[in-house]
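Report on one structure; see the data block that follows.
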Amino acid sequence: MSPYLRVLVQVSSLLAVAFGATLYVSPSDSSSGSGTIDKPFNSIQAAVNAATAPSTIYLRGGTHSPTTNIQITKSGKAGQPFVISAYQSEKVVIDGEALPGTPSALNADLPNTQRGIFHIEKANFWEFYNLEFKNGPYGVYHRDSSNNHYKNIITRDNYETGFQIQGASSNNTVLYLDSYGTCLVWPPHGVAIRVPFCPGSVR
């Protein structure tokens, strides 16, 4: 390999690290690819597992139907967040009807990790855009996580809480959240912020 080509390859590798990866998930693919736009993952969890900060995960339009709660438990950094977003103007719905706790038995104590369609715990510097969560035990369950950003989120027809933040959580931003149709338990919560004080948080 010529020295010029070797330098070019090294620079390209450094740029890929600096700007992060772009991964894609399609609900219409029966087998999982490598995460490219032409060969997307077929599960959100696969993309989350593969992502390294900073990465953007684009969800293609349609209904994503996970059978296990999507676990988000790693962190980005300031200026190097993880991002999960609908791709361009495509409508993305994440349907939790097939999750273990949908619905749970009356008065049952649902395990912590089975609560949200997105279970976000000890995960900092994440951004979420233009996503709809329905039919889950909870839509979004956010615990002990800080410096996260939510914008244009819909949670509807979930069984207990549409959108919940609790625990040691601070500096989170929630903009344009529409949460409705929560059912089955009393009192139902569209939105629950269950922390005594959220320093720096906006909702």
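For the sequence shown, position 6 matches number 12 in the numbering used here, and the numbering has no gaps at all. Every residue, glycine too, gets a C-beta built ideally from N, C-alpha and C.
Through-space distance from residue j to residue i, alpha-carbon basis
i    : j    : result
Q94  : Y135 : 11 Å
G26  : Y147 : 26 Å
P106 : K83  : 32 Å
K157 : V89  : 11 Å
P62  : C189 : Looking at the sequence shown, residue 62 is not Pro but Thr. Roughly 33 Å separates the two Cα atoms.
N55  : S71  : 17 Å
I171 : W132 : 14 Å
P87  : R162 : 27 Å
Residue i classed as buried or exposed, judged by whether at least 16 other C-beta atoms fall within 10 angstroms
i    : result
E96  : exposed
K140 : buried
A104 : exposed
L181 : exposed
Y64  : buried
A57  : buried
N154 : buried
P117 : exposed
P143 : buried
S175 : buried
Y186 : exposed
Range covered by the beta strand (DSSP E) that runs through residue i
i    : result
N164 : Segment: none, N164 is in no beta strand (DSSP E) and carries neither H nor E.
R121 : R121 -> no beta strand (DSSP E), and no H or E assigned at all.
S83  : The residue asked about is misnamed: residue 83 is Lys in this sequence, not Ser. Taken as a continuous stretch (DSSP letters only), K83 belongs to no beta strand (DSSP E), as it is neither H nor E.
E103 : Note, E103: premise wrong, no beta strand (DSSP E); not H, not E.
L183 : 179-186
S91  : 88-92
I63  : 61-65
L134 : Here residue 134 is Phe; the residue named in the question, Leu, does not match the sequence. Its beta strand (DSSP E) spans residues 132-140.
L222 : Since the first and last residues shown for the chain are 7 and 209, residue 222 lies out of range.
Residue i - containing alpha helix (DSSP H), residue span
i   : result
N48 : It is not in any alpha helix (DSSP H) - N48 carries neither H nor E in the DSSP assignment.
Cβ distance (whole Å) where residue i is taken to contact residue j below 8 Å
i    : j    : result
G122 : D150 : About 13 Å; that fails the 8 Å criterion.
Contact with chain C by residue i, beta-carbon distance below 8 Å
i   : result
T28 : Judged by its chain identifiers, the structure shown contains no chain C, having just a single protein chain.
Check: residue i C-beta below 7 Å from any heavy atom of the ligand GTP
i    : result
Y165 : You won't find the ligand GTP in this model; it holds no ligand whatsoever.
### Task
Evaluate the contact criterion for the stretch 31-46 versus the stretch 72-83: three or more CB pairs, one atom per stretch, below 8 Å.
Touching, no, given that fewer than three Cβ pairs across the two stretches are closer than 8 Å.
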